[in-house]
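A.B. asks: Below are the structure tokens for one structure; questions will follow.
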Amino acid sequence: MPTKEKTYHRIIFTPEVIQEAVEELRATLSGKSEMTSQILTIGISPQETWRHDTEEEFFADYRKGFNHVSFEQIYRTKDKGGSIEIWSISNKS
Numbered sequence: 217m218p219t220k221e222k223t224y225h226r227i228i229f230t231p232e233v234i235q236e237a238v239e240e241l242r243a244t245l246s247g248k249s250e251m252t253s254q255i256l257t258i259g260i261s262p263q264e265t266w267r268h269d270t271e272e273e274f275f276a277d278y279r280k281g282f283n284h285v286s287f288e289q290i291y292r293t294k295d296k297g298g299s300i301e302i303w304s305i306s307n308k309s
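Reading the sequence shown from the start, the letters are residues 217 to 309 in our numbering.
Spelled out as structure tokens, the structure:
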């Protein structure tokens, strides 16, 4: 299966842009796959990272600022048993 990766250096997307992209992805994958796990982490400093249980908690802390951040969702396709990993990592410099 082909894969695509795109990197945006020194760009911090607003929570609304990330949420819109996630909604588009979910709509595209609707009925074809299901999300099996989600990893939402915010690094307050290089030594301190928080892992969140919900997108609401994640975006509340995201709005406060961060050192590094990761938003990852793993989907398993129903027809082929593969997985799609969607993730975004940004670093403040």
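Note that beta-carbon positions come from the ideal geometry of N, C-alpha and C, so glycine has one too.
#1: Tell me where the alpha helix (DSSP H) around F275 begins and ends.
#2: Given this structure, state the Cα-to-Cα distance separating W266 from K248, to the nearest angstrom.
#3: Any idea what DSSP makes of R226, helix, strand or coil?
#4: DSSP state of E240, grouped into three classes?
#5: Do three or more CB pairs link the segment 254-263 to the segment 219-233 at distances below 8 angstroms?
C.D. replies: Based on what the coordinates show:
#1: Counting along the chain, the unbroken alpha helix (DSSP H) around F275 starts and ends at E271 to Y278.
#2: So the two alpha carbons sit approximately 31 angstroms from each other.
#3: Here DSSP, grouped into helix, strand and coil, assigns R226 to coil.
#4: Note: E240 maps to helix in three-state DSSP.
#5: With a cut-off of 8 angstroms, the segment 219-233 and the segment 254-263 do not count as touching, because too few Cβ pairs lie within range.
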